[in-house]
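Student: Structure below; questions to follow.
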Amino acid sequence: MPIFEYHCAKCDKDFEVLVLGNQSVTCPDCNGKKVKKLLSVVSHKSDGEFSSSQGSACSGCSATSCSTCSHS
Ligand SMILES: [Zn+2]
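If you read the sequence shown in this note's numbering, its first letter stands for residue 5, the second for the next number, and so on.
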């Protein structure tokens, strides 16, 4: 979601707004257009460790599938 933080120079307030396309941003309090975009990260994306899904399926051998070994 493209949510950006703005600061209104008129009423000295910060506000977050969802910006869709090229719509102009106005202050929700005074409806003024003297707003300044703030550089803030709203959402943090955590880089989860990419774990391999191809672990050993069989506990008795190193095969990834028990269909290829004698274990059941
Ligand atoms: Zn304002």
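The beta carbon of each residue, even a glycine, is placed where N, CA and C say it ideally should be.
Using the beta-carbon count (16 or more within 10 Å), is Cys-12 buried or exposed?
Tutor: Your numbering for residue 12 matches position 8 in the sequence shown. By the 10 Å Cβ count, Cys-12 comes out buried.
Student: Which residues mark the beginning and the end of the beta strand (DSSP E) in which Lys-17 is found?
Tutor: As a position in the sequence shown, residue 17 is number 13, starting the count at 1. Unbroken beta strand (DSSP E) run through Lys-17: 17-22.
Student: Does the beta-carbon of Asp-33, which I'm using as the reference point, lie nearer than 8 Å to any heavy atom of ligand 1?
Tutor: Here residue 33 corresponds to residue number 29 of the sequence shown, with the count starting at 1. Indeed, a heavy atom of ligand 1 lies less than 8 Å from the Cβ.
Student: Among residues of its own chain, excluding the 5 on either side of Lys-40, which ones have a beta-carbon nearer than 6 Å to its beta-carbon?
Tutor: Reading the sequence shown from its first residue, position 36 is the one you call residue 40. Here the set comprises His-11.
Student: What is the rounded straight-line gap between the Cα of Thr-30 and the Cα of Gly-36?
Tutor: Counting from 1 along the sequence shown, the entry for residue 30 is found at position 26. Counting from 1 along the sequence shown, the entry for residue 36 is found at position 32. Taking the Cα positions, Thr-30 is about 5 Å away from Gly-36.
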